[in-house]
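Asker: In short: position in the sequence shown from 1, add 407, done, that's our numbering. Please see the structure below; I have some questions.
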Amino acid sequence: MHHVDIRAATATDHPFLVDMLMEAVNWLPERNWSRERILADRALAHYVTGWMRPDDIGVVAVEPVGQPVGAAWLRHLSAADPGYGYVSDEVPELTIGVVESWRSRGVGRMLLRAVLDAARARGIHRVSLSVERANFAAGFYAAEGFRTVESFENADTMIAEMRA
């Protein structure tokens, strides 16, 4: 694996988080949703709109020259505007994306562990996500301690319970 550093996400990372949301949505080669389509879809846009809110937590992986190659972030969504992996107002949802050329190199695992560590440091004990069952990432999340709590036609809601 090429070396990457993990840093805290900032408000200026918003455009890159949108890029990483696109990577997460377009995990299937035949799915090619544009940035405009994703931002026009309220169910997807709320993962990045208004970044960075006071309770948002995020990390960015950067290669040695400082170019970002992946990001993972947590956002609290409400019952009034739930995300795909909504469990409760108190449980933030995870979004993670890695630039295609950097996948399968351990970057996603580093990002996931770093964002969960940051959540633990803020006193968060549970994190949720939604993943399509056909996505390779479903097995990755299970291997990292997420368990399925609700199943839908093609996707599962998963939760990680974190110890202090």
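Don't be surprised by glycine CBs; every beta carbon is placed ideally from N, CA and C. All of these numbers come straight from a predicted model, not from anything done at the bench.
What distance in whole Å lies between the Cβ atoms of P475 and V469, which are believed to be in contact at a cut-off of 8 Å?
Answerer: Residue 469 sits at position 62 when you count from the first residue of the sequence shown. Residue 475 sits at position 68 when you count from the first residue of the sequence shown. About 5 Å; that satisfies the 8 Å criterion.
Asker: By how many angstroms is the C-alpha of N439 removed from the C-alpha of I445?
Answerer: Residue mapping note: residue 445 aligns to position 38 of the sequence shown, counting from 1. Residue mapping note: residue 439 aligns to position 32 of the sequence shown, counting from 1. Cα to Cα, the separation comes out at about 10 Å.
Asker: How would you write the range of the beta strand (DSSP E) that R414 sits in, first residue to last?
Answerer: Here residue 414 refers to the residue found at position 7 of the sequence shown. Here the beta strand (DSSP E) through R414 covers D412 to A415.
Asker: Where does A545 sit, in a helix, a strand or coil, going by DSSP?
Answerer: By 1-based counting over the sequence shown, the position of residue 545 is 138. Helix.
Asker: Out of D524, D426, W434 and A550, which has the shortest C-alpha to C-alpha gap to T383?
Answerer: Absent from the structure is residue 383, since the part of the chain shown begins at 408 and ends at 571.
Asker: Grab me the residues of S441's own chain with a C-beta within less than 7 Å of its C-beta, minus the 5 sequence neighbours each way, in chain order.
Answerer: Along the sequence shown, read from residue 1 onward, the residue named residue 441 stands at position 34. Counting only Cβ-Cβ distances below 7 Å, and skipping sequence neighbours, we find nothing.
Asker: Keeping to the same chain, check which residues put their C-beta closer than 8 Å to that of R516; ignore five residues upstream and five downstream.
Answerer: Here residue 516 refers to the residue found at position 109 of the sequence shown. F547 and E551, listed in sequence order.
Asker: Does DSSP classify M408 as helix, strand or coil?
Answerer: Your numbering for residue 408 matches position 1 in the sequence shown. Residue placement at M408 cannot be trusted, given a pLDDT of 48 that sits under 50; the coordinates are not used to answer.
Asker: Measuring CA to CA, which of A544, E568 and A452 is closest to V534?
Answerer: Here residue 534 corresponds to residue number 127 of the sequence shown, with the count starting at 1. The candidate whose alpha carbon is nearest that of V534 is E568.
Asker: Have a look at the DSSP bridge pairing and note the partners of I566.
Answerer: Here residue 566 is taken as the residue at index 159 of the sequence shown, counted from 1. BP columns for I566 point to S535 and R554.
Asker: Considering only DSSP beta bridges, list what G477 is partnered with.
Answerer: Reading the sequence shown from its first residue, position 70 is the one you call residue 477. In DSSP, G477 forms a bridge with A468 and V505.
Asker: Just the Cα atoms here: how many angstroms apart are E577 and R529?
Answerer: Nothing can be reported for residue 577: it is not among the residues displayed for the chain, which extend from 408 to 571.
Asker: Under 7 Å Cβ to Cβ from L519, same chain only, skipping five residues before and after it: list those, please.
Answerer: On the sequence shown, residue 519 is found 112 positions in, with the first residue counted as 1. Correct list, in chain order: A479, I503 and E551.
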